[in-house]
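Q: Dumping the structure here so I can ask a few things about it.
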Amino acid sequence: MLYGYIIILSLFTLLLGYGIGRRIGLKEGYKKATVELPFILKEKLYENNICPICNRREIDH
């Protein structure tokens, strides 16, 4: 009976840790993406001369 409680408590602890870690990871990933996205879009524009948002070709002056 004691082993059953230990197993259930262990599984609950692992599930709780997984849930908390997943939430923290999603928040960190969203913050990182919002910071890096403008740089990625500018890099694509300079490499291809095509706007990554509207797919229009930029005219070089």
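Heads up, the final residue of the sequence shown is numbered 490 in the numbering used here, and it's a clean run with no missing numbers. Note that CB positions come from ideal geometry on N, CA and C, so glycine has one too. Since the structure is predicted, the reported quantities are computational estimates derived from the model, not experimental observations.
(1) Would you kindly work out how many angstroms separate the C-alpha atoms of T463 and F441, rounded to a whole number?
(2) Is the CB-CB distance between P467 and L474 below 8 Å?
(3) Roughly how many angstroms separate the alpha carbons of L431 and L443, rounded to a whole number?
(4) What does a CB cutoff of less than 6 Å around H490 pick up in its chain, not counting 5 residues either side in sequence?
A: Quick look at the numbers:
(1) 33 Å
(2) no
(3) 18 Å
(4) Note that H490 scores 49 on pLDDT, short of 50, meaning its location in the model is unreliable; the coordinates nonetheless yield the value given after this. So no residue of the chain qualifies.
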